[in-house]
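Residue numbers (full-length UniProt numbering): 1 to 438.
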């Protein structure tokens with residue numbers, strides 16, 4: 001079968017036909033630009049729409065991942081030119097039917113990871129359920145989250161990248177058989193926190209219709225930092241460079257070679273002892289007012305408490321003791337995590353760099369089939385368990401005004417109420433005591 005061609009707003013694309021682990025065929029289009037490369041003077045800036053191209057663009061190959069420090073190999077990897085997305089769409093015989101769309105945001109603490117590598121984030125388990133999948137890269141670390149309270153570096157660029165990708169979906173996904181009026185955003189770890197930030201931002205209205213946050217929240221210790229500017233100011237100090245003001249700091253950081261910038265930013269994060277536990281430094285922050293549109297302008301807890309978020313169907317969850325998965329990456333932090341008297345952050349985190357075939361072999365007999373069914377049901381209907389059958393054996397009841405119902409996914413599905421009540425009560429008391437707006 002010859003490769004499929006699609007024409008979108010910026011030009012023509014040529015994809016290819018692939019197969020799932022079960023041999024089901026689907027179309028894949030890789031490395032589609034959804035923004036101009038954020039290089040040169042666009043480093044640290046709000047993302048700009050992509051330039052159109054002539055001819056047919058080859059959309060069959062892997063694209064660049066975003067510049068980052070690979071903790072496993074202790075080396076620099078990736079590229080600044082990384083704002084690309086993949087689209088996976090089923091081979092459907094119903095040409096007139098538009099399919100639900102699921103847009104995935106990868107995890108990695110806003111510092112690591114990528115969303116366009118099939119070995120980690122392929123569509124195999126979801127595509128067979130007749131949904132269109134979109135996965136993407138967004139800027140990470142200092143490139144994605146430097147905040148200097150100015151238009152040239154407003155902060156939250158990585159979240160703005162995600163927003164521009166969602167605008168691209170609204171504009172183009174119908175060309176791939178997707179329904180722009182039925183878009184579900186979902187993500188894991190930092191991707192889950194991203195989902196919540198997208199729910200909170202007033203700039204994302206109408207770009208999606210359902211949301212799933214997996215093992216991530218904007219409230220988590222590692223998912224927010226109000227001192228990003230102070231952290232950035234450490235970089236020239238570590239390089240023994242005298243910087244007089246923020247204009248000089250921005251110029252210095254913009255002109256620094258990318259590899260040197262990433263390495264220096266990691267050193268700055270490593271010297272930041274003002275925050276307990278595991279943290280990632282350059283992450284989302286509350287933006288000050290200025291001559292730009294603020295992505296987030298208030299405390300996320302305040303916005304959630306006051307109901308200032310998109311009112312769309314929302315699903316969230318985590319894995320028991322999932323924080324243990326990330327501890328081997330931070331052996332030097334282990335003692336402090338155990339002994340730190342002021343450490344009060346619970347850190348659900350999901351390390352997702354695993355092989356899809358191994359996952360299928362080990363987990364299919366237990367809960368993979370249930371999860372795939374529930375996630376795609378939610379994307380289609382806004383209800384993870386619209387009917388009970390051999391796969392979905394229990395109705396997942398929604399949270400009520402006075403009842404925190406939740407579903408335990410184990411060797412069987414079980415409904416329970418009030419997860420971790422003592423821990424939940426503690427955090428509610430802490431937030432209420434130390435937030436003046438309540």
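For each residue, glycine too, the CB sits at the ideal point set by N, CA and C.
Non-local beta-carbon contacts of residue 128 in its own chain, meaning distances under 7 Å to residues more than five positions away in sequence, involve 20, 22 and 24 in chain order.
Beta bridge pairing from DSSP links residue 33 with 84. In the three-state DSSP reduction, residue 283 falls in the coil class, being neither helix nor strand. Taking the Cα positions, residue 188 is about 16 Å away from residue 284. Under the DSSP assignment, residue 44 falls outside any alpha helix (DSSP H); it carries neither an H nor an E label.
Ranked by Cα distance from residue 296, the options 200, 141 and 45 are led by 200. Counting C-beta pairs closer than 8 Å gives fewer than three between the region 43-52 and the region 91-101, which falls short of the contact rule.
A distance below 7 Å between beta-carbons, with the five flanking residues on each side excluded, links residue 177 to the following residues of its chain, in chain order: 89, 92, 98, 99 and 132. In this structure, DSSP gives residue 312 a state outside helix and strand, which the three-state scheme calls coil.
In this chain, residue 432 is not harboured by any beta strand (DSSP E); it is covered by the alpha helix (DSSP H) spanning 421-434. Across the set 73, 135 and 279, the C-alpha of 279 shows the shortest separation from the C-alpha of residue 111.
Excluding five sequence positions before and after residue 33, the CB atoms of its chain that fall closer than 6 Å to its own CB belong to 50 and 84, given in chain order. Cα atoms of residue 286 and residue 226: separation of roughly 7 Å, rounded to the nearest angstrom. Distance between residue 420 and residue 428, taken at the CA atoms: about 12 Å. Taken in chain order, the whole beta strand (DSSP E) runs of length 3 or more contained in the region 74-160 are 75-77, 84-90, 99-105 and 132-136.
Boundaries of the beta strand (DSSP E) harbouring residue 186: 178-188, taken from the DSSP string.
Under DSSP, residue 175 forms no beta bridge with any residue.
Distance from the CA atom of residue 393 to the CA atom of residue 370, rounded to whole angstroms, is 9 Å. Excluding residues up to 5 positions away in sequence, 149 lie with their Cβ nearer than 6 Å to the Cβ of residue 288 in the same chain. Under the DSSP assignment, residue 210 falls in the beta strand (DSSP E) whose first and last residues are 210-214. Nearest Cα to residue 306 within the set 72, 108, 432 and 319: 432. The beta-carbon distance between residue 78 and residue 59, rounded to whole angstroms, is 20 Å. This is too long to meet the 8 Å contact definition. DSSP, reduced to helix, strand and coil, places residue 243 outside both helices and strands of the structure shown, so it counts as coil. When the beta-carbon positions are compared, residue 65 and residue 137 come within less than 7 Å of each other. In the displayed model, residue 320 falls within coil according to three-state DSSP, outside both helix and strand. Taking C-beta separations shorter than 6 Å and ignoring five residues to either side along the sequence, the partners of residue 155 in its chain run 147, 285 and 287, following chain order. Linking residue 422 to residue 405 through their CA atoms gives a straight-line distance of about 16 Å. Using a Cβ distance threshold of 7 Å, residue 194 and residue 105 count as a contacting pair. Put simply, of 63, 43, 11 and 27 the residue whose alpha carbon is nearest the alpha carbon of residue 54 is 11. For residue 24, the secondary structure class from DSSP, reduced to helix, strand or coil, is coil. Counting every other CB atom within 10 Å of its CB across the protein chains shown gives residue 52 a total below 16, marking it as exposed. Residue environment: residue 415 is assigned as exposed (fewer than 16 neighbouring CB atoms within 10 Å of its CB, all protein chains considered).
Contact check for residue 143 and residue 67: beta-carbon distance about 6 Å, within the 8 Å limit, so the pair qualifies.
Counting only residues of its own chain and dropping the five nearest sequence neighbours on each side, residue 61 has a CB closer than 8 Å to the CB of 30 and 31.
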